[in-house]
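Numbering-wise, our numbering comes out as the position in the sequence shown, counting from 1, plus 200. A quick write-up on the structure given underneath.
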Amino acid sequence: MNVLGINGSPRIGGNTDVLLDKALEGARSSGAQTEKIVLNQLRFSPCQECQEIRDDGTCIIEDELQPLYRKIDEADIIILASPIFFGSLSAQAKMMIDRFQCAWRAKYILKKDIFQRQRKGGFISVEATTRKDFFANAKSIVKNFFLTINASYQEELFCSGIDEKGSILKSPDILNKAFELGKRIAVI
Ligand SMILES: Cc1cc2nc3c(=O)[nH]c(=O)nc-3n(C[C@H](O)[C@H](O)[C@H](O)COP(=O)(O)O)c2cc1C
């Protein structure tokens with residue numbers, strides 16, 4: 201199993217990053233190969249709504265997001281992790297998702313699926329408050345994204361009341377939940 205972790209937080213060593221690392225560790229314990237991408241380290245443009253796509257269905261914007269189309273195509277499992285920012289996903293995560301409009305257009309308008317294989321998806325999110333509706337907002341966007349890339353929404357971990365950088369490290373039970381999420385999702 202090939203697991204791709206996508207971190208939508210700008211904080212390296214922050215709560216999302218720590219939880220995603222734990223989930224990937226769990227996936228490796230199930231024998232999976234893992235890779236992590238930090239969106240904040242990529243220089244990429246938001247969607248320009250150009251309505252043009254390449255013959256292979258990928259986006260025409262030449263920037264550092266391009267390798268992600270192939271990586272997602274090759275992944276059996278996607279674990280997307282994002283903090284809650286203003287009641288939804290981080291800008292980094294939403295910008296990445298918008299760049300999959302090409303895949304949405306290919307799939308639903310041109311009837312040409314660019315991500316042929318079915319894969320599994322998991323979502324991890326962290327917020328400072330205890331608002332369930334913020335996770336619900338983020339989840340509905342992630343579910344839509346997962347449908348577009350043929351990922352079935354299988355696992356989620358939502359952590360409330362976590363704010364300071366790395367404070368998640370003081371909650372071994374949550375770290376264990378992230379580990380178990382990764383372990384479960386990577387089982388064939
Ligand atoms: C720009 C910004 C917006 C935020 N908006 C919210 C919010 O709407 N609700 C909330 O509960 N926490 C909000 N937070 C707090 C983060 O979700 C919280 O600190 C989280 O633990 C950060 O995770 P990270 O360390 O992975 O980046 C916000 C933080 C920032 C920087």
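Cβ coordinates follow ideal geometry from the N, Cα and C atoms, glycine included. All values derive from a computational prediction rather than experimental measurement.
Among the bridge pairs identified by DSSP, Pro283 is matched with Val326.
In the DSSP assignment, Ser352 falls within the unbroken beta strand (DSSP E) covering 351-359.
Membership of Asn376 in the alpha helix (DSSP H) is indicated by the continuous run 372-385. Close CB contacts of Ala223 within its chain, under the 6 Å cut and outside five residues either way in sequence, are with Ile279, Ala378, Leu381, Gly382 (chain order). Taking C-beta separations shorter than 6 Å and ignoring five residues to either side along the sequence, the partners of Ala227 in its chain run Val203, Thr234, Gly382, Ala386, following chain order. Each residue's CA atom was taken as its position, placing Gly287 and Glu356 some 17 Å apart.
Contact annotation, Lys320 with Asp276: C-beta distance approximately 7 Å; criterion of less than 8 Å satisfied. Ile261 is not a Cβ neighbour of Gln251, given a cutoff of 8 Å. Taking the Cα positions, Phe345 is about 31 Å away from Lys370. Cβ-Cβ distances below 6 Å link Ile297 to Phe345 in the same chain, with the five nearest sequence neighbours on each side left out; the list follows chain order. In this structure, the straight-line span from the alpha carbon of Ile362 to that of Leu310 is close to 43 Å. A straight line joining the alpha-carbon of Gln318 with that of Ser367 spans about 35 Å.
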